[in-house]
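Visitor: Just passing along the structure, written as structure tokens.
In our numbering, the protein residues as written are 9 to 707.
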């Protein structure tokens, strides 16, 4: 703590006395700014921003003409929320085309920070026709991109340590099949928003490349061919893709955001069908899908049939050789196939999903209807846990839903109703209201039956699944002055039935208050306080009990960033968390970090990003999440816990106009532990070092 206190003083002193200098717009910095803005509100270590980042990269190289942009074009820019999209379209429709980017300041929902972040990706021009779609244009304007990434932990982990044949035979799951390298390679061709063709291949650390477990080389392969935005064909894809419908209550694959300081983020902006090129082995569809525009109607249909990982409990055989899974206990979503046990779960069952969505769009109103059929090649095993009493364990099953959106003046209303035909119902309704240019509010009510079960739902909720929950959310944005902005929300929620680690109906609440200060273009800061009360089960003396208790969490964060000049930018954060556990104990956590981004004028081909962080927490319950810069198309929001330090260095070098090389080295040192990691990832030492190297070619 003394070291951390000293660093705090140093950081505060270092932030004084610098004059304003505006940095050059650059691709990496512009994209980093947006990704950091949206990710700083998240608390998850495995995030996949691939689709969003690909869209930002596309619009940086070919800025979107706001006067010609469709609703779908604007939704591809992750920084724009649903209210801003609708407000912009309404403004252009009623007052005419924009003449300058700064006219956005007069539109509800847009502030200086949003406009500054948007500038590298958009432009204001004549509302002419779209570029022609022909072979000459495709050949001349199409963009190819390929990259290969290699990463590994430097220290030896238990899963790779030498072992005798006899010990391995006695305990086959005590070692990994392969080496500690993770290898990812990808190729993609893209022409505007009309054509996309991509191939992805990956093996995780511990998985074998080739050999008996992966005779085809990589553990995972994916591919897609996409055509769209031409005539009546809005989307058409073969191969891997994602489906997003309504507010995510009936069906949604891919990343979606929940509660955050951005109160307008409670509204989902569905993109129907998008091609998939990431390496997440679970959260996508494989088959074919289309969306057709027929006057005021849009008709989406999709079919997917792919193998998924599952924990097998019962096997059937008909001829003594071919085994069929008749029962499984749960899905295995890690994507790891490193040991005999994990390999047994690989591609264990078939998952079939097919359905459609019909949407009617009329000016500022739209309504849609959804139907989904799902079938697995095996049934889930009967649940023995009482909290899972209402969960169905059979298939096939049907889901139906209705979603709507309506904008009247400065009010954007939205919602969705969903029904599982062999189970319960779920619905949510919300609104985003701009009271005047200084005040915005958002409201969301939700109800998910304990008997509702939709495996691919992903609507806003307190729980990770849309089941067994009632809640009411209220958010407020207040522009106190040109330099000060207040953001906050409260969320009240209850769980009518038992849930995991809570053997009784429970309830809770969450508050967030954030005060932002941005006196000039090159400096911004904010202070955030978040509080959560939730009843949970707990252990006594290491033994689980049926009792529940109240868990209190308090988070305090001070964040500031400033651009010293065109070469150096600094970012700093202090964060403290206090947790009162239901069994009566308490934990505290502290974290401070300094970021330095260095882009020298000479040699201009280099770029450096550095972080040094100190952390001290009493345990995992007082962990602190923080976004980290990474190589392109890789994302990291790790949890800092225990006591120690963490640092990383990223060096990017532009080899030529069409290629670049990026190296990232990150190291965590635990000052209060003799080992790091767990299970087969245990390192016999307090240090964990990870290295990444990525080579990218584009032409």
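Ideal placement from N, C-alpha and C gives every residue a C-beta, glycine not left out. Source: prediction; values computed, not measured.
#1: Between the Cα of residue 79 and those of 499, 443 and 374, spot the shortest distance and give me the residue it belongs to.
#2: Buried or exposed: residue 687, going by 16 or more other Cβ atoms within 10 Å of its Cβ?
#3: Check whether the Cβ atoms of residue 557 and residue 540 sit closer than 8 Å, and answer yes or no.
#4: Taking the alpha-carbon positions, what's the residue 273 to residue 419 distance?
#5: Could you check where the beta strand (DSSP E) with residue 398 kicks off and where it finishes?
#6: If contact is defined by three or more beta carbon pairs under 8 Å, each pair taking one atom from either stretch, is the stretch 217–225 in contact with the stretch 251–267?
#7: Is DSSP giving residue 15 helix, strand or coil here?
#8: May I have the straight-line CA-CA distance separating residue 445 from residue 117, to the nearest angstrom?
#9: In chain order, what residues of the same chain lie with their CB nearer than 6 Å to the CB of residue 294, ignoring the 5 residues before and after it?
#10: Per DSSP, residue 539 is paired with what?
#11: In this structure, what does DSSP give as the bridge partners for residue 209?
#12: For residue 368 and residue 257, I'd like the C-alpha separation in whole angstroms.
#13: Which class does residue 634 belong to by DSSP, given the choice of helix, strand or coil?
#14: Grouping DSSP H, G and I as helix and E and B as strand, with all else coil, what is residue 691?
#15: Using the Cα positions of residue 702 and residue 207, report the straight-line distance between them to the nearest angstrom.
#16: So what does DSSP say about residue 257, is it helix, strand or coil?
#17: Ignore the nearest five residues each way along the sequence and tell me which others in residue 599's own chain have a CB closer than 6 Å to its CB.
#18: Quick one: does the C-beta of residue 192 sit closer than 7 Å to a heavy atom of the ligand MG?
#19: Distance, Cα to Cα, residue 250 vs residue 680?
#20: In angstroms, rounded to a whole number, what distance separates the CA positions of residue 677 and residue 504?
#21: Between the C-alpha atoms of residue 542 and residue 514, what's the straight-line distance to the nearest angstrom?
#22: Can you tell me whether residue 492 is buried or exposed, with buried defined as 16 or more other CB within 10 angstroms of its CB?
#23: Out of 443, 213, 58 and 454, which has the shortest C-alpha to C-alpha gap to residue 342?
#24: Residue 354 by DSSP, collapsed to three states: which one?
#25: When the distance is taken between beta carbons, is residue 432 closer than 8 Å to residue 458?
#26: Report all residues from its chain with a CB closer than 7 Å to the CB of residue 366; omit the five preceding and five following residues, and keep chain order.
#27: In angstroms with no decimal places, state the Cα-to-Cα distance between residue 84 and residue 394.
#28: Would you mind reading off the limits of the alpha helix (DSSP H) that contains residue 149?
#29: Which one or two residues does DSSP pair with residue 314 in a beta bridge?
#30: Please work out which residues of its chain come closer than 7 Å, Cβ to Cβ, to residue 692, disregarding the five sequence neighbours upstream and downstream, and give them in chain order.
#31: Enumerate in chain order the residues of its own chain whose CB-to-CB distance from residue 115 is below 7 Å, with the five nearest sequence positions on each side excluded.
#32: Mind checking residue 416: buried by the 16 CB within 10 Å criterion, or exposed?
#33: Within 10 angstroms of the Cβ of residue 386, are there 16 or more other Cβ atoms? Answer buried if so, exposed if not.
#34: Give the range of the beta strand (DSSP E) segment to which residue 411 is assigned.
#35: Check whether the Cβ atoms of residue 177 and residue 183 lie closer than 8 Å to each other.
#36: What's the call for residue 18, buried or exposed, on a 16-neighbour Cβ count within 10 Å?
Guide: Quick look at the numbers:
#1: It is 374 whose Cα lies nearest to the Cα of residue 79.
#2: It counts as exposed.
#3: Not closer than 8 Å, so no.
#4: Their Cα atoms are separated by approximately 15 Å.
#5: Careful: residue 398 lies outside any beta strand (DSSP E) and carries neither H nor E.
#6: Short answer: they don't touch.
#7: At residue 15, the pLDDT of 44 sits below 50, so the modelled position is not reliable; the number obtained from the coordinates is stated separately. Three-state result, residue 15: helix.
#8: Approximately 7 Å, taken between the alpha carbons.
#9: Counting only residues of its own chain and dropping the five nearest sequence neighbours on each side, residue 294 has a CB closer than 6 Å to the CB of 248, 312 and 314.
#10: Beta-bridge analysis with DSSP links residue 539 to 519 and 562.
#11: Residue 209 pairs with 193 and 229.
#12: Looking at the two C-alpha atoms, the distance is approximately 19 Å.
#13: DSSP, reduced to helix, strand and coil, places residue 634 outside both helices and strands of the structure shown, so it counts as coil.
#14: Residue 691: strand per DSSP, three-state reduction.
#15: Near 17 Å, if we compare the C-alpha coordinates of residue 207 and residue 702.
#16: Looking at residue 257 - three-state DSSP - the assignment turns out to be coil, as it is neither helix nor strand.
#17: Only 583, 623, 632 and 648 meet the Cβ criterion.
#18: Here there are no bound small molecules, and the ligand MG is not part of this structure.
#19: Each residue's alpha carbon lies about 44 Å from the other.
#20: Pairing residue 677 with residue 504, the inter-Cα distance amounts to about 43 Å.
#21: Between residue 542 and residue 514, the C-alpha separation is close to 8 Å.
#22: Answer is exposed; the Cβ neighbour count stays below 16.
#23: With distances taken between Cα atoms, residue 342 lies closest to 213.
#24: Per DSSP, reduced to three states, the secondary structure at residue 354 is coil, with no helix or strand assignment.
#25: For residue 458 and residue 432, yes; Cβs fall inside 8 Å.
#26: Residues of the same chain with a CB within less than 7 Å of the CB of residue 366, apart from the 5 flanking positions on each side, are 305, 307, 376 and 377 in chain order.
#27: For residue 84 and residue 394, the distance between alpha carbons rounds to 42 Å.
#28: Under the DSSP assignment, residue 149 falls in the alpha helix (DSSP H) whose first and last residues are 143–149.
#29: DSSP output for residue 314 lists 359 as bridge partner(s).
#30: Hits under 7 Å: 683.
#31: So the qualifying residues of the chain are 95, 96 and 99.
#32: With a 10 Å radius around the Cβ and a threshold of 16 neighbouring Cβ atoms, residue 416 comes out exposed.
#33: That one is buried.
#34: In the DSSP annotation of this structure, the continuous segment of the beta strand (DSSP E) that includes residue 411 starts and ends at 405–416.
#35: Cβ distance not < 8 Å, so residue 177 and residue 183 don't count as in contact.
#36: Any reading at residue 18 must be qualified, since the residue scores a pLDDT of 39, below 50, and its modelled position is unreliable; the value itself is stated next. Within 10 angstroms of the beta-carbon of residue 18 lie fewer than 16 other beta-carbons, which makes it exposed.
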